[in-house]
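Residue numbers (the numbering used here): 3 to 345.
Given below as structure tokens:
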């Protein structure tokens with residue numbers, strides 16, 4: 003499909019730079035095939051049914067953005083994917099002059115040797131490994147806010163850019179739909195009889211990359227590591243078998259579920275990498291509802307929601323959201339989408 007079909011005019015003022023407080027006070031646009039309603043995230047327990055099941059991504063963001071030097075030249079590295087205990091791939095700026103054997107120096111005595119470079123993607127080997135490296139990254143690294151948030155990260159972001167249920171370090175971007183949940187909201191969902199399970203998808207820096215191709219068939223997705231445990235898969239399938247709806251919290255959870263599902267929608271245990279690219283025409287097998295934030299024009303995530311709820315439905319919903327002042331992207335408001343009927 004032509005990428006320009008997914009373009010729309012988004013005023014810069016609609017991109018949120020801070021989250022709503024409290025988290026569940028964010029606005030929620032409920033989008034159904036029959037219409038839409040302007041609500042709040044705190045009203046989610048009223049929108050779901052007893053027996054439905056929430057699927058949450060329990061990944062945690064680590065301080066993956068490093069600011070250092072190569073000699074006299076300032077260098078930024080956004081870590082992307084771990085290869086060994088001390089070796090990572092990352093996106094470097096500027097990258098063109100980086101060569102194997104060069105040393106990058108960061109604050110706190112952290113350093114890395116450049117092993118290889120392919121375009122902006124570099125592979126580096128640190129002078130720390132395993133837990134010692136993660137501790138050093140926590141000390142000197144920066145929270146990797148999306149490039150659309152035009153301000154430096156600060157201490158507030160270390161809490162704001164994490165879900166309350168994240169427990170597995172490894173993501174360089176938050177599963178942002180989950181940022182709206184509070185302990186109180188989760189308790190209200192429990193009281194409403196809505197079950198929940200966690201899966202893991204470590205979101206990579208590729209999520210920030212723009213789609214530069216003219217056709218979706220020419221765009222390559224970066225692979226991300228994910229896991230669905232056997233118990234989680236069995237719980238999801240049991241809920242479906244008794245009439246419960248599968249509610250993916252975030253596009254990351256949806257992409258992982260769709261990667262691991264059979265044509266009949268049954269979810270299988272999964273461990274590995276996924277580079278699934280969901281565009282209109284790709285069938286949605288396992289997920290009935292999707293809670294997600296508002297995404298940017300021409301992004302793979304906007305393409306995904308168009309595939310899930312229908313292109314015309316989402317064009318109208320996004321036009322409404324822009325006109326009504328909804329806040330977009332990672333720290334913005336949320337939508338609850340019902341899957342469009344199969345043609």
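Glycine residues also receive a C-beta, built at the ideal position from the N, C-alpha and C atoms.
Item: Nearest-angstrom beta carbon gap, residue 247 and residue 290 [assumed within contact, 8 Å]; Value: 4 Å
Item: Among 72, 190, 167, nearest to residue 96 - alpha-carbon criterion; Value: 72
Item: Spatial distance of residue 85 from residue 52 (CA atoms); Value: 42 Å
Item: Those residues which DSSP pairs with residue 187 across a bridge; Value: In DSSP, residue 187 forms no bridge with anything.
Item: Under 8 Å between C-beta atoms of residue 106 and residue 63; Value: no
Item: Whole beta strand (DSSP E) elements within the segment 158–211, 3-residue minimum; Value: 170–173, 197–203
Item: Contacts around residue 79, its chain only, beta-carbon distance under 6 Å, and the 5 residues preceding and following it disregarded; Value: 68, 92, 94
Item: Cutoff 7 Å; reference residue 164; Cβ partners in own chain excluding five residues on either side; Value: 62, 63, 176
Item: Beta-carbon contacts of residue 191 that lie in its chain and below 6 Å, excluding the five residues immediately before and after; Value: 47
Item: Status (buried if at least 16 other CB within 10 Å, exposed otherwise) for residue 11; Value: exposed
Item: Residue closest to residue 313, alpha-carbon to alpha-carbon, out of 273, 101, 17, 34; Value: 34
Item: Per DSSP, the bridge partner or partners of residue 128; Value: 114
Item: Beta-bridge partners of residue 52, as assigned by DSSP; Value: Answer by DSSP bridge pairing: none, since residue 52 is not bridged.
Item: Pick from 183, 198, 204, 189 that is closest to residue 24, judged by C-alpha positions; Value: 183
Item: Inter-residue spacing [alpha-carbon to alpha-carbon] between residue 125 and residue 88; Value: 11 Å
Item: Rounded C-alpha distance that separates residue 82 from residue 174; Value: 7 Å
Item: Beta carbon of residue 18 nearer than 8 Å to that of residue 331; Value: yes
Item: Alpha-carbon spacing of residue 211 relative to residue 99, whole angstroms; Value: 21 Å
Item: Distance CB(residue 339)-CB(residue 294) smaller than 8 Å; Value: yes
Item: C-beta atoms of residue 335 and residue 39 nearer than 8 Å; Value: no
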